[in-house]
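**Student:**
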Amino acid sequence: MSKELEPLADPGLPEHIHRKADIDPIAAKRAERQVAILFSLSAVGTLLFIYSFFFIKVDQFIFLPILGNTNAHQLGIGLGMAAGLFFIGIGAVHWAKTLMPDQEVIAQRHEFKSEPEDRDAFVKAAKDGAEAAGLGRRPLIKRTLIGAAALAGLPGVLMLRDTGPLPGKELEKTNWKSGTRLVTDPGDRPIKASDLEVGAVAQVLPELLPGQKRTLEDIGKDAVLLIRLRPAEFQLDEERLSWTHEGIIAFSKICSHMGCAVALYEQTTKHLLCPCHQSTFDVTRAAKVIFGPAARPLPQLAITVDGEGNLIAKQPFTEAVGPSFWERSS
Amino acid sequence: MSARERVAGTVANYVDERTGAAAWMKKNLQKVFPDHWSFMLGEIALYSFVILLLSGTFLTFWFDPSMRTVVYEGSYQPLKEVEMSAAYASTLHISFDVRGGLLMRQIHHWAALIFMAAIVVHLLRVFFTGAFRKPREFNWILGIGLLTLGIVEGFLGYSLPDDLLSGTGLRIAQAIIQALPVVGTYLSFFAFGGAFPGEAFIPRIYTVHILLLPGIFLALITVHLMLVWYQKHTQYPGPGRTEKNVVGYPLMPVYMAKAGGFFFIVFGVTAFLGAVASINPIWLYGPYTPGQISAGSQPDWYMGWLDGLVRMAPPIETHAFGHTISWNILIPGLIIPGILFTGMALYPFIESWITGDKKEHHLLDRPRNVPNRTALGVMALTFTLIALINGGNDIIATHFSLTINQIMWFSRIGIIVLPPLAFVITKRICLSLQRADRELVLHGKETGRLVMLPHGEFIEIHEELTPEKRYTLTQHEQPKAIELVTEDAGGVLNPKGIRAKLQARFSAANAENIAKPTAAEVKELEGGHH
Amino acid sequence: MKFISKYRRHKGALPILIMLALTGLGFTFSAATAAPASNTMSASAKSTLVEEGQTIFLKGCSSCHGLNAEGGAIAPSLIGVGAASVDFQVGTGRMPMQDMSQQAMRKKPVYNDEQVAALAAYVASLAPGPASLTNEQITWERDGNTADGGELFRNNCAMCHNFAGQGGALTQGKYAPTLMGVEPKHIYEAMITGPQSMPVFSDKIITPEEKLSIIKWIKAAESEPNLGGASLGRVGPVTEGLLIWVFGLGLLIGIAVWLTAKAR
Chain A
119 MSKELEPLAD PGLPEHIHRK ADIDPIAAKR AERQVAILFS LSAVGTLLFI YSFFFIKVDQ
179 FIFLPILGNT NAHQLGIGLG MAAGLFFIGI GAVHWAKTLM PDQEVIAQRH EFKSEPEDRD
239 AFVKAAKDGA EAAGLGRRPL IKRTLIGAAA LAGLPGVLML RDTGPLPGKE LEKTNWKSGT
299 RLVTDPGDRP IKASDLEVGA VAQVLPELLP GQKRTLEDIG KDAVLLIRLR PAEFQLDEER
359 LSWTHEGIIA FSKICSHMGC AVALYEQTTK HLLCPCHQST FDVTRAAKVI FGPAARPLPQ
419 LAITVDGEGN LIAKQPFTEA VGPSFWERSS
Chain B
7 MSARERVAGT VANYVDERTG AAAWMKKNLQ KVFPDHWSFM LGEIALYSFV ILLLSGTFLT
67 FWFDPSMRTV VYEGSYQPLK EVEMSAAYAS TLHISFDVRG GLLMRQIHHW AALIFMAAIV
127 VHLLRVFFTG AFRKPREFNW ILGIGLLTLG IVEGFLGYSL PDDLLSGTGL RIAQAIIQAL
187 PVVGTYLSFF AFGGAFPGEA FIPRIYTVHI LLLPGIFLAL ITVHLMLVWY QKHTQYPGPG
247 RTEKNVVGYP LMPVYMAKAG GFFFIVFGVT AFLGAVASIN PIWLYGPYTP GQISAGSQPD
307 WYMGWLDGLV RMAPPIETHA FGHTISWNIL IPGLIIPGIL FTGMALYPFI ESWITGDKKE
367 HHLLDRPRNV PNRTALGVMA LTFTLIALIN GGNDIIATHF SLTINQIMWF SRIGIIVLPP
427 LAFVITKRIC LSLQRADREL VLHGKETGRL VMLPHGEFIE IHEELTPEKR YTLTQHEQPK
487 AIELVTEDAG GVLNPKGIRA KLQARFSAAN AENIAKPTAA EVKELEGGHH
Chain C
1356 MKFISKYRRH KGALPILIML ALTGLGFTFS AATAAPASNT MSASAKSTLV EEGQTIFLKG
1416 CSSCHGLNAE GGAIAPSLIG VGAASVDFQV GTGRMPMQDM SQQAMRKKPV YNDEQVAALA
1476 AYVASLAPGP ASLTNEQITW ERDGNTADGG ELFRNNCAMC HNFAGQGGAL TQGKYAPTLM
1536 GVEPKHIYEA MITGPQSMPV FSDKIITPEE KLSIIKWIKA AESEPNLGGA SLGRVGPVTE
1596 GLLIWVFGLG LLIGIAVWLT AKAR
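Protein chains in written order, with the working numbering: chain A, 119 to 448; chain B, 7 to 536; chain C, 1356 to 1619.
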């Protein structure tokens, strides 16, 4: 290195400055007292915990600023536990800082690299070992071993086979069939067209057959949102318009993006919003996506009325509901 | 010899005769640890992990990881006789019918948030100070592994109570699995034991959450710490601190008292939060059913940036040959995080390739002295932060009178424009700080005291720095750019071709620094002043 | 009488007088005509109320909603919206609107209860619509069921108003307001009239009894004390994350700085 580029010299570790407690016995005594007080505060905290645990009723409430009307039992044991732990820590640190030696010490580092002889010896030993085993000379053994080891992992994967059934066509099926009545969720009451005013919505599910029980898996596929608009507000093609009934239109409530329940309906704008990722669908245009990450409209359920005037499904969904998957064709 | 000393001696003898531990202990009780607040960040994470183990064990005494339907009969009135899963009902039981149960639930959840936050700031400290350089690359990769597992473990943890919010989170996780090309549907059906939500998933992730992942954590943390121990801690530069030594306090007693005390402090702060601040009030969320949802459904913060990315994704799906690929899920949910985490894990090797630096480093960098790395870190941080903001866009919108659409567009554009901008600005700031350091070393500190010279000129008195301070500001090495060798002396083209060119380009950018003052310059000025 | 004359300039004096006068008038008429139901207002009292409502309407509402409430470029027609709608919109202070922003906000009502009643009577006289209600008619405490209400709330309301009724964001800056501190009758009226962005919840879809349950659940959520400490706004993980970074980690780092600082 040339003389001009030489960096500044290291002046070395600065001299150790003594703390007050090192030179002044009164200060040391004071620090000792402070540590003792901190430890005592911890004990007080633990006592508060014990008291609160046994003597504050679990349904006792206390009004405090910021916290509001808060459960006193929970607060008492919590604060007691917090103080019991916190002050032990603060005390210990204060002790270490003021009374334990604070002279910094220097330890030397050693290079991690082994001595060259050692390294060479190791490499040689490893090589000799491999040589002795004859791995290089007997390729048949090597190849079959690699093959067998790779195969041996397979049972581990295969054994997971029975964790679940094969999907089959499961994702494309729902419980909506031609003629299934729409019933309110919750309540399971059938719905007449006249039950809904313009601007009204209803969360509906397919009616249960006698003896049938509804599972969460069913709800996860069948949930439908019913919305009534003025028929003139629709901008639908002939077919989709025929899927509505007197301005009532039905969509799958399960988001075509990631499966959240899409049910934030804005009556003024006729938009449906998904609260998870803010995909926005235009109800008047068959739930076309107008904002957000969803790529497909919500599937529309064709509806009509039966002889008694109850709303029924005209046909099953014509596409799979919910998020996309590899086998989905459109 | 007092009685106590005799007992201690006997015990030590007993153990040593059987293990020979005394020699090892003697050496390690005097192990030196450098002292700096930023070296405590990893400890916060470690202690939170211990708190998580303790509080988690408590919770398992009552939690019933089952999705079988039960009717709630506990003491929380607004859910009386509501049908729910046993998992949800038992979480309500812990919250309201076990004394201290709610406190423990809240401590567990707060500790998880602190755990993740501490891991992130610890990682940032290691990154910006260059502590990941040789010989610590392996420990850096372990750390990235722990961060990734932490995100998964946290997600599984808050999914267990089977409330409306966590069920929504599971629904989204299931949609991501289902979106995987070719195998997605099958994986989802195997994981959930059939169609979503099924009855299998919560018991399964319970085992993973309380057994498998904590076990892996314990193993990885042990190795992580053993490496720190064995390789000795890095230290900040300063007088007397070199690449060959480590300056600090001995383990016994100072560091033991401080570190031990800090464990109690972290536990105390977590318990305080558990006492005064409500977290994850599952009784308000209600039990999960796929047909319900709450406005403002977000994940915990360490997943929030992923959710923000998913929210801002463009609505693209490919439908071809009877198959669907959901880019709107795969890109933000898997591809971008995959690139980010792989890039992070490989960064030590990338940097060493760029700089051509294969030396061991035990002295930390001051971030300003490595402008490129610092700028890159800030760039990545900006990216994540924008994603995180978008992950809470609905809450931000209602609280700051904005619209979700505005925030979404800000994020969509910002995530492309702002990170590079952050890079440029940070690099400029670093160089300015280097310039300021240079000024400081050469001309001293501005004191603000004005003095009128006899001929009427005003000058400001500059106070010279101490030699210690000067050394601290100038001790670092400044990298030189790698020179591009296109062809060797014999006219043979460099076989590395484009790679060499890239390396030279990056290396040149990395070497862009303000020249630090040399001893000669300082001396010259000193002569001039006096 | 000194006691009464002392309060003659009180700001509540006029409405009280009007009330007394109307009641008196009503009683007189009902006594004179010997009507069986004393609860319903007599025809002429009603018409007085309508006239009064029309006066208020012309002064305060017609500039936007049209002289005959037929609607205008910036405001919808009020024909057929019913008294319930007026009671909700004006009674919660949403109408008259302060500015033509995205959405009318709940604020201190401009008109007092009597004026609201008069306005409602006027709008109801234009065409039939849902009748307004009094808080006494909303017997949620007696007829509601909290747990059922919670189920209904999560199915029908939580998606916009959040799991605890704290409100939430809609598209383009619109929002679902918080339900905390809203009068029971106004909650009920909102469900049957569907104000602004909110859809209508018809009585056949959510029965009147179920609506009372929803109100009971909302009131339970409103009065529920903080079971686990500060509620952090009951908006989910966003505020929790904010607290842990700002307070939790901030405090711990602060302590770490103290811990490693040299003692003097």
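Using N, Cα and C, we set each Cβ at its ideal position, and we do this for glycine too.
Report the CB separation of residue 318 of chain B from residue 418 of chain B in whole angstroms; it is logged as a contact under 8 Å.
**Tutor:** Sequence index remark: in the second sequence, residue 318 of chain B carries index 312 (1-based). Sequence index remark: in the second sequence, residue 418 of chain B carries index 412 (1-based). Going by Cβ atoms, the distance from residue 318 of chain B to residue 418 of chain B rounds to 5 Å, so yes, they are a contact pair.
**Student:** Check the Cβ of residue 128 of chain A against every Cβ in chain B and list those closer than 8 Å, keeping chain order.
**Tutor:** Numbered from its first residue, the first sequence carries residue 128 of chain A at position 10. Per Cβ cutoff of 8 Å: 245, 246, 248, 477, 481.
**Student:** Are the C-beta atoms of residue 241 of chain B and some chain C residue less than 9 Å apart?
**Tutor:** The sequence position of residue 241 of chain B within the second sequence is 235, counting from 1. Cβ-Cβ to chain C under 9 Å: no for residue 241 of chain B.
**Student:** With the cut-off set at 9 Å, would you say residue 1564 of chain C and residue 1498 of chain C are in Cβ contact?
**Tutor:** Residue numbering aside, residue 1564 of chain C sits at position 209 when the third sequence is read from its first letter. Residue numbering aside, residue 1498 of chain C sits at position 143 when the third sequence is read from its first letter. Result yes, Cβ atoms of residue 1564 of chain C and residue 1498 of chain C sit closer than 9 Å.
**Student:** DSSP on residue 1593 of chain C, reduced to helix/strand/coil?
**Tutor:** For the purposes of this step, residue 1593 of chain C is taken as the residue at position 238 of the third sequence. DSSP places residue 1593 of chain C in helix when its eight states are reduced to three.
**Student:** Against chain C, with Cβ distances strictly below 9 Å, would residue 159 of chain B count as a contact?
**Tutor:** For the purposes of this step, residue 159 of chain B is identified with residue 153 of the second sequence, where counting begins at 1. So, not an interface residue.
**Student:** Determine, using beta carbons only, whether residue 1416 of chain C and residue 1433 of chain C come nearer to each other than 9 Å.
**Tutor:** One-based indexing of the third sequence puts residue 1416 of chain C at position 61. One-based indexing of the third sequence puts residue 1433 of chain C at position 78. In contact: residue 1416 of chain C and residue 1433 of chain C (Cβ atoms closer than 9 Å).
**Student:** Kindly examine the ligand ZN and report whether one of its heavy atoms sits closer than 8 Å to the Cβ of residue 45 of chain B.
**Tutor:** Summarising the ligand content, the structure contains no ligands, and the ligand ZN is consequently not present.
**Student:** Do you know offhand how far residue 234 of chain B's Cα is from residue 272 of chain B's?
**Tutor:** The count along the second sequence starts at 1 and reaches residue 234 of chain B at position 228. The count along the second sequence starts at 1 and reaches residue 272 of chain B at position 266. Cα to Cα, residue 234 of chain B sits roughly 21 Å from residue 272 of chain B.
**Student:** What alpha helix (DSSP H) runs, 4 residues minimum, are completely inside the stretch 398 to 428 of chain A?
**Tutor:** The stretch 398 to 428 of chain A contains no whole alpha helix (DSSP H) run of 4 or more residues.
**Student:** Which residues in chain D sit within 8 Å of residue 1472 of chain C, going by Cβ to Cβ distance?
**Tutor:** In the structure shown, chain D does not exist; the protein chains are A, B and C.
**Student:** Answer with yes or no whether the minimum CB distance from residue 339 of chain A to chain B is below 9 Å.
**Tutor:** Walking along the first sequence from the start, residue 339 of chain A turns up at place 221. Interface residue, yes.
**Student:** Under a Cβ-count criterion, where at least 16 other Cβ atoms within 10 Å of its own Cβ denotes burial, should residue 169 of chain A be classed as buried or exposed?
**Tutor:** Walking along the first sequence from the start, residue 169 of chain A turns up at place 51. It is exposed - the Cβ of residue 169 of chain A has fewer than 16 other Cβ atoms within 10 Å.
**Student:** Taking the straight line between their C-alpha atoms, what separation do you get for residue 364 of chain A and residue 423 of chain A?
**Tutor:** Numbered from its first residue, the first sequence carries residue 364 of chain A at position 246. Numbered from its first residue, the first sequence carries residue 423 of chain A at position 305. Going by the C-alpha atoms only, they are around 10 Å apart.
**Student:** Alpha carbons only, please: which of A/346, A/319, A/293 is nearest the one belonging to residue 330 of chain A?
**Tutor:** Counting from 1 along the first sequence, the entry for residue 330 of chain A is found at position 212. When only C-alpha atoms are compared, the closest one is A/293.
**Student:** Within 10 Å of its beta-carbon, does residue 32 of chain B have 16 or more other beta-carbons around it, so buried, or fewer, so exposed?
**Tutor:** As a first step, residue 32 of chain B is located in the second sequence; it is residue number 26 there, counting from the start. Exposed is the call here.
**Student:** Inspect the CB distances between the stretch 1478 to 1487 of chain C and the stretch 1433 to 1444 of chain C and report whether three or more fall short of 8 Å.
**Tutor:** Taking 8 Å as the limit for Cβ pairs, the verdict is that the stretch 1433 to 1444 of chain C does touch the stretch 1478 to 1487 of chain C.
**Student:** Distance, Cα to Cα, residue 100 of chain B vs residue 94 of chain B?
**Tutor:** Start at 1 with the first residue of the second sequence, and residue 100 of chain B comes out as number 94. Start at 1 with the first residue of the second sequence, and residue 94 of chain B comes out as number 88. Roughly 10 Å between the two C-alpha positions.
**Student:** Mark residue 405 of chain A as exposed unless 16 or more other C-beta atoms lie within 10 angstroms of its C-beta, in which case mark it buried.
**Tutor:** Taking the first residue of the first sequence as 1, we reach residue 405 of chain A at position 287. Label assigned to residue 405 of chain A: buried.
**Student:** Pair every Cβ in the stretch 58 to 75 of chain B with every Cβ in the stretch 108 to 119 of chain B, then say whether three or more of these pairs are closer than 8 Å.
**Tutor:** Yes: at least three Cβ pairs fall under 8 Å.
**Student:** Starting from the C-beta of residue 1519 of chain C, find all residues in its chain whose C-beta is less than 7 Å away, skip the five residues before and the five after it, and write them out in chain order.
**Tutor:** Working through the third sequence from its first residue, we reach residue 1519 of chain C at position 164. Excluding sequence neighbours, residue 1519 of chain C sits near 1576, 1589.
**Student:** Would you tell me roughly how many angstroms separate the C-alpha atoms of residue 515 of chain B and residue 378 of chain B, rounded to the nearest one?
**Tutor:** Here residue 515 of chain B corresponds to residue number 509 of the second sequence, with the count starting at 1. Here residue 378 of chain B corresponds to residue number 372 of the second sequence, with the count starting at 1. About 7 Å.
**Student:** Find the residues of chain C that neighbour residue 411 of chain B, judging by a C-beta separation of less than 7 Å, and give them in chain order.
**Tutor:** Residue numbering aside, residue 411 of chain B sits at position 405 when the second sequence is read from its first letter. What residue 411 of chain B touches in chain C: 1526, 1527.
**Student:** Give the straight-line distance between the Cα atoms of residue 284 of chain A and residue 195 of chain B, rounded to the nearest whole angstrom.
**Tutor:** As a working note, residue 284 of chain A is residue 166 in the first sequence. As a working note, residue 195 of chain B is residue 189 in the second sequence. Each residue's alpha carbon lies about 7 Å from the other.
**Student:** Are the beta-carbon atoms belonging to residue 380 of chain B and residue 424 of chain B less than 9 Å from one another?
**Tutor:** On the second sequence, position 374 is the one that residue 380 of chain B refers to. On the second sequence, position 418 is the one that residue 424 of chain B refers to. No, Cβ-Cβ distance for residue 380 of chain B and residue 424 of chain B is not below 9 Å.
**Student:** Please compile the residues from chain C whose C-beta is within a distance smaller than 7 Å of the C-beta of residue 403 of chain A.
**Tutor:** Reading the first sequence from its first residue, position 285 is the one you call residue 403 of chain A. Within chain C, no residue comes near residue 403 of chain A; the closest Cβ sits about 15 Å away, beyond 7 Å.
**Student:** Following the continuous beta strand (DSSP E) through residue 225 of chain A, name the residue where it begins and the one where it ends.
**Tutor:** Indexing the first sequence from 1 puts residue 225 of chain A at position 107. That run of the beta strand (DSSP E) goes 223 to 226.
**Student:** Going by Cα to Cα distance, which pick from B/90, B/270, B/96 is closest to residue 67 of chain B?
**Tutor:** The residue given as residue 67 of chain B occupies position 61 in the second sequence. Considering only alpha carbons, the answer is B/96.
**Student:** With distances taken Cα to Cα, identify the nearest neighbour of residue 131 of chain A among A/302, A/225, A/347, A/203.
**Tutor:** Indexing the first sequence from 1 puts residue 131 of chain A at position 13. The option with the nearest alpha carbon to residue 131 of chain A is A/225.
**Student:** Would a check of beta-carbon distances place residue 341 of chain B closer than 9 Å to chain A?
**Tutor:** Looking up residue 341 of chain B in the second sequence gives position 335. With 9 Å as the cut-off, residue 341 of chain B does not count as an interface residue toward chain A.
**Student:** Taking CB distances under 9 Å as the criterion, tell me whether residue 320 of chain B reaches chain A.
**Tutor:** Stepping through the second sequence from its first residue, residue 320 of chain B is reached at position 314. It does; some Cβ of chain A falls within 9 Å.
**Student:** Among all the DSSP beta bridges, which residues are the ones paired with residue 39 of chain B?
**Tutor:** As a working mapping, residue 39 of chain B is identified with position 33 in the second sequence. In DSSP, residue 39 of chain B forms a bridge with B/255.
**Student:** Using a Cβ-Cβ cut-off of 7 Å (strictly less than) and excluding sequence neighbours within five positions of residue 337 of chain A, which residues of its own chain qualify?
**Tutor:** Here the question's residue 337 of chain A lines up with position 219 in the first sequence. Cβ neighbours of residue 337 of chain A beyond the five flanking positions: 323.
**Student:** Tell me which residues of the stretch 225 to 237 of chain A have at least one Cβ-Cβ distance to chain B shorter than 8 Å, keeping chain order.
**Tutor:** Those residues of the stretch 225 to 237 of chain A that come within reach of chain B (Cβ to Cβ, closer than 8 Å) are 225, 226, 227, 229, 230.
**Student:** Distance, Cα to Cα, residue 28 of chain B vs residue 1593 of chain C?
**Tutor:** Taking the second sequence and counting its residues from 1, one reaches residue 28 of chain B at position 22. Taking the third sequence and counting its residues from 1, one reaches residue 1593 of chain C at position 238. If you take the alpha carbons of residue 28 of chain B and residue 1593 of chain C, they lie about 51 Å apart.
**Student:** Please state if the CB of residue 264 of chain B and the CB of residue 215 of chain A are separated by a distance shorter than 9 Å.
**Tutor:** Here the question's residue 215 of chain A lines up with position 97 in the first sequence. Here the question's residue 264 of chain B lines up with position 258 in the second sequence. Yes, these two residues count as a Cβ contact at 9 Å.
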